[in-house]
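Throughout the sequence shown, residue numbering follows mature numbering (1 follows the signal peptide of the UniProt record, and there is no 0), covering -18 to -1, 1 to 122 in sequence. This report refers to the structure that appears directly beneath it.
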Amino acid sequence: MKTLFFLLIFFTCINTQAQVSDDQIKSLRTAFYTEALSLSPSEAEKFWPLHNKYEKLHDSLYENQWCYVKNGLETLSELSPTETDEILTAYVAYKDEKAHLKKQFITELKDILSAKKILQLKKAQRDFHIMLFEEYKNKK
């Protein structure tokens, strides 16, 4: 509960700032997930390195594959049929790899957390994104 109070105060304070740094968001996310999952110290000790590992893998996948697809979508009208086919193939490969990473992460999480806590993590991820989006909307 203290963490949620902290988050509320933090978002109120940053409401006056122009931009929130990635480090601030990561700190908030860490507090939010820890609170939502009620991680014990031993669970947290195992969970965060695993979470950070998969976050880096996801970020790398995004940079290496999704950015290529995204750039192709932005120039779609200028692309040849061959180029659009390559981008579509890259899109499918990106989605497959992303799903594979999620499956690996969940498989490894099962050694650390209960199924209920894994689902609570999914809910916490969704709730955190909604909270960030709402905060962004309120700034406009």
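We put the beta carbon where it would ideally sit given N, CA and C, even for glycine. Fair warning: this is a prediction, and the values are worked out from it, not measured in the lab.
For residue i, the nearest candidate out of the options (CA to CA)
i	options	result
residue 17	116, 117, 81 and 102	102
residue 175	117, 116 and 92	Residue 175 lies beyond the residue range present for the chain, which begins at -18 and ends at 122; the question has no answer from this structure.
residue 36	90, 76, 116 and 62	90
residue 39	116, 56, 82 and 67	82
residue 19	117, 110 and 119	110
residue 84	23, 41, 66 and 62	41
Test item: CB-CB of residue i and residue j under 8 Å
i	j	result
residue 88	residue 32	no
residue 79	residue 43	yes
residue 14	residue 75	no
Burial state of residue i, where buried means 16 or more other Cβ atoms lie within 10 Å
i	result
residue 11	buried
residue 55	exposed
residue 58	exposed
residue -10	Residue confidence for residue -10 is low, a pLDDT of 47 falling below 50, so the modelled location carries little weight; the figure read from the coordinates is stated next. Flag for residue -10 reads exposed.
The segment 43 to 57 touching the segment 95 to 114, judged by at least three CB pairs closer than 8 Å: no
Touching by the beta-carbon criterion (3+ pairs, under 8 Å), the segment 69 to 88 and the segment 4 to 14: no
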